[in-house]
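In the working numbering, the protein residues as written are 1 to 325.
What follows is one structure encoded as structure tokens, with my remarks underneath.
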């Protein structure tokens, strides 16, 4: 029996989330609804303007949100990442420990700056992110725990890692190790901007194929170059044995290798879409590693993501996850 349900790698970013209006984004000349990589100076400049808005801080990054959701539901997870020996780096480690997620972090971090993601949420619940990767951009094969991968049921790779050459190679190597030990591989496309600007790097990461893909409908069509979801699905089936495609208020499409299921959306009032896809993946993977079929896992994932978007912040309390389960 595997020690971990899921082993994951990702950018360790402290999420600093703010409620803003569209006028603020226009004033700051920020593209709405996507993740934009910025340098530390640009992020600091933006942060000074965000001081006037209400904020919330949590350990984050796409894969971290997924693994924390899986852990809160009762799963076991290991997370490989990189933080610095600074206040935010120690905050990040303590948050992972509190969440029950094992990691390669041991409190002895290298010098540098821990990455931060400024998440701006507008009244329509859309999230816009400005990310300074900091030392996370230096994530490499050195952070991989081969033993943890070999003792996992599934290896989860974060699409955001393709923005850094060394992190992209770490993703590819983690996938190779997983396949060598008969561990399933999974990839999330992460963000439409990643698909648009780093599509070739995603293709390198996929290699000869993966077991499970997570994406939304826009990412699916953008990556495959198709203008409708049916044609996009036909292409995805050529490189991913299974997949889950989220479609917002229209629910999700889940493929188990034989049958394509429609998963209904659960009624909610959206407040903040940040973390919705990450939580969907975490709940879905929890379901698959705990005896659920794909349709049942998709339904749990739909319930969890609906609850997440109904509140401010990228995750729920442990009690809320347990109640939904």
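Ideal placement from N, C-alpha and C gives every residue a C-beta, glycine not left out.
Since we're looking at a predicted model, the values are computed, not measured.
Checklist entry - Opposite residue 103 in the DSSP bridges: which residues? => result Locating residue 103 in the chain shown gives position 103, where the first residue counts as 1. Answer is 79.
Next on the checklist: Let me confirm a value: residue 45 is counted as buried when at least 16 other C-beta atoms fall within 10 Å, else exposed. Which label applies?
Outcome noted: Walking along the chain shown from the start, residue 45 turns up at place 45. Burial call: exposed.
Next on the checklist: Could you compute how far the alpha carbon of residue 33 sits from the alpha carbon of residue 189?
Outcome noted: Numbered from its first residue, the chain shown carries residue 33 at position 33. Numbered from its first residue, the chain shown carries residue 189 at position 189. Each residue's alpha carbon lies about 15 Å from the other.
Next on the checklist: By DSSP's criteria, residue 115 is part of a beta bridge. Which residues make up the other side?
Outcome noted: Residue numbering aside, residue 115 sits at position 115 when the chain shown is read from its first letter. Beta-bridge pairing links residue 115 to 13.
Checklist entry - Candidates 28, 138, 213: which alpha carbon is nearest residue 243's? => result Within the chain shown, numbered from 1, the residue matching residue 243 stands at position 243. Of the candidates 28, 138, 213, the one whose C-alpha sits nearest the C-alpha of residue 243 is 213.
Checklist entry - Thinking C-alpha only, which one of 117, 303, 123, 248 is nearest residue 136? => result Here residue 136 is taken as the residue at index 136 of the chain shown, counted from 1. The shortest Cα separation from residue 136 among 117, 303, 123, 248 belongs to 117.
Checklist entry - Using DSSP with H/G/I as helix, E/B as strand and the rest coil, what is residue 56? => result Taking the chain shown and counting its residues from 1, the one referred to as residue 56 is at position 56. Of the three classes helix, strand and coil, the one that applies to residue 56 here is strand, per DSSP.
Checklist entry - What three-state label does DSSP hand residue 135 in the structure shown? => result As a working mapping, residue 135 is identified with position 135 in the chain shown. If DSSP states are grouped into helix, strand and coil, residue 135 belongs with the helices.
Checklist entry - What are the boundary residues of the beta strand (DSSP E) that includes residue 214? => result The residue labelled residue 214 in the question sits at position 214 within the chain shown. 210–216 is the extent of the beta strand (DSSP E) around residue 214.
Next on the checklist: By the three-class DSSP mapping on this structure, what secondary structure does residue 1 have?
Outcome noted: The count along the chain shown starts at 1 and reaches residue 1 at position 1. Residue 1 falls in the coil class under three-state DSSP.
Checklist entry - Taking one C-beta from the region 183–200 and one from the region 92–112 each time, how about it: are there three or more such pairs within less than 8 Å? => result no
Checklist entry - When the distance is taken between beta carbons, is residue 161 closer than 8 Å to residue 342? => result Here the chain has residues from 1 to 325 only, and residue 342 is not among them.
Next on the checklist: So residue 158 and residue 9 are supposed to be a Cβ contact under 8 Å. How far apart are they, rounded?
Outcome noted: If you number the chain shown from 1, residue 158 lands on position 158. If you number the chain shown from 1, residue 9 lands on position 9. About 6 Å; that satisfies the 8 Å criterion.
Checklist entry - Any idea which residues DSSP pairs residue 253 with across the strands? => result Taking the chain shown and counting its residues from 1, the one referred to as residue 253 is at position 253. Its beta-bridge partners are 245, 262.
Item to check | 6 Å CB neighbourhood of residue 143 in its chain, flanking five on each side removed | outcome: Taking the chain shown and counting its residues from 1, the one referred to as residue 143 is at position 143. Contacts found: 80, 82, 104.
Checklist entry - Nearest to residue 322 by alpha carbon, out of 283, 234, 273, 288? => result Counting from 1 along the chain shown, the entry for residue 322 is found at position 322. Checked all of 283, 234, 273, 288; the closest Cα to residue 322 is 283.
Next on the checklist: Whole angstroms are fine: how far does the CA of residue 22 sit from the CA of residue 29?
Outcome noted: Translated into positions along the chain shown, residue 29 becomes position 29. Translated into positions along the chain shown, residue 22 becomes position 22. Rounded to the nearest angstrom, the two C-alpha atoms are 10 Å apart.
Checklist entry - Quick one: complete beta strand (DSSP E) runs, 3+ long, within the region 133–174? => result 152–158
Checklist entry - In its own chain, which residues sit with a C-beta less than 7 Å from the C-beta of residue 43, not counting the 5 before and 5 after it? => result Translated into positions along the chain shown, residue 43 becomes position 43. Hits under 7 Å: 116, 118, 130, 132.
Checklist entry - Counting pairs of beta carbons, one from the region 289–303 and one from the region 261–269, are three or more of them closer than 8 Å? => result yes
Checklist entry - Is DSSP giving residue 190 helix, strand or coil here? => result If you number the chain shown from 1, residue 190 lands on position 190. Coil.
Next on the checklist: Under DSSP, the alpha helix (DSSP H) around residue 300 begins and ends at which residues?
Outcome noted: Reading the chain shown from its first residue, position 300 is the one you call residue 300. Element bounds for residue 300: 294–309.
Checklist entry - Does the Cβ-Cβ distance between residue 183 and residue 150 come in under 8 Å? => result The residue labelled residue 183 in the question sits at position 183 within the chain shown. The residue labelled residue 150 in the question sits at position 150 within the chain shown. It is a contact, given that the beta carbons lie within the stated cut-off.
Next on the checklist: Closest to residue 74 by C-alpha separation, out of 299, 286, 178, would be which residue?
Outcome noted: Stepping through the chain shown from its first residue, residue 74 is reached at position 74. For the residues 299, 286, 178, the minimum Cα distance to residue 74 belongs to 286.
Checklist entry - Taking just the CA atoms, how far does residue 312 sit from residue 205? => result As a position in the chain shown, residue 205 is number 205, starting the count at 1. As a position in the chain shown, residue 312 is number 312, starting the count at 1. Each residue's Cα considered, the two are about 33 Å apart.
Next on the checklist: Strictly by DSSP, which residues pair up with residue 130?
Outcome noted: In the chain shown, residue 130 corresponds to position 130, counting from 1. In the DSSP output, where bridge partners are listed per residue, residue 130 has 36, 118.
Checklist entry - Do the CB positions of residue 87 and residue 55 come within less than 8 Å of each other? => result If you number the chain shown from 1, residue 87 lands on position 87. If you number the chain shown from 1, residue 55 lands on position 55. Against a cut-off of 8 Å, the Cβ pair of residue 55 and residue 87 comes out as no contact.
Checklist entry - Can you name, in chain order, every residue of its own chain whose Cβ lies under 6 Å from the Cβ of residue 210, other than the five neighbours on each side? => result Within the chain shown, the letter at position 210 stands for residue 210. Cβ neighbours of residue 210 beyond the five flanking positions: 185, 187, 240.
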